[in-house]
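Enquirer: Input: one structure, supplied below.
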Amino acid sequence: MKYAALVYYQERLIEAMSEQEWHDLNQQCLAGVERLTEQGHYLAGQALQPVERAASLRVRDGEVLISDGPFAETKEQLAGFYLLEARDLNEALQLANRIPPARFGTIEVRPVRELPPRDEE
0 MKYAALVYYQ ERLIEAMSEQ EWHDLNQQCL AGVERLTEQG HYLAGQALQP
50 VERAASLRVR DGEVLISDGP FAETKEQLAG FYLLEARDLN EALQLANRIP
100 PARFGTIEVR PVRELPPRDE E
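This is the structure we're talking about:
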């Protein structure tokens, strides 16, 4: 089964890191991806730019509303994701436990919902 491991942390904590600390964290993440790949658990993933570079879009009553930044003000910001293959939620949680930014924030592990096949026309 596929699980999304959503990585959240307070960007201000990351911004306060020295260049070496930031470099080391990124190297740990890359090593973790290599390990997960070798074990057959890593399907995809990506780091995200800071929230100040984000925009949010909503459609209400046919009107497109666009605003700067994330949808909601939160203490932690979505920083990236890992798409994992695991037997069950327990295994997915064990895998997510080794994602390095977990030391700074939260890893939300959520099963992926597969969409049904498209109706034939």
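Counting in numbering that gives the first Met the number 0, the sequence shown runs from 0 upward without gaps. Don't be surprised by glycine CBs; every beta carbon is placed ideally from N, CA and C.
1) Just verifying my parser: in three-state terms, what is the DSSP assignment at R109?
2) Under three-state DSSP, which class holds A78?
3) Thinking just about the alpha-carbon of each residue, which of R97, Q9, E10 and L64 is nearest to the one in V108?
4) Are the beta-carbon atoms of L77 and L5 separated by less than 8 angstroms?
5) When the Cα atoms are used, what is the spatial distance from T36 to L42?
6) To the nearest whole angstrom, what separates the beta carbons of E75 and P49, a pair I think is in contact under 8 angstroms?
7) Taking all protein chains shown into account, decide if I65 is buried (16 or more other Cβ within 10 angstroms of its Cβ) or exposed.
8) Leaving out five residues on either side along the sequence, give the residues of the same chain with a beta carbon under 6 angstroms from the beta carbon of A95.
9) What number of angstroms, rounded off, separates the C-alpha of C28 from the C-alpha of E120?
10) By DSSP, does L47 sit in helix, in strand, or in coil?
11) What is the DSSP secondary structure of I65, counted as helix, strand or coil?
Expert: Result, derived from the coordinates:
1) strand
2) strand
3) R97
4) Taking 8 angstroms as the Cβ cut-off, L77 and L5 qualify as a contacting pair.
5) 8 angstroms
6) Their Cβ separation, rounded to whole angstroms, is 13 angstroms, which puts E75 and P49 out of contact at 8 angstroms.
7) exposed
8) Answer for A95: A4, I106 and V108, listed in chain order.
9) 45 angstroms
10) coil
11) strand
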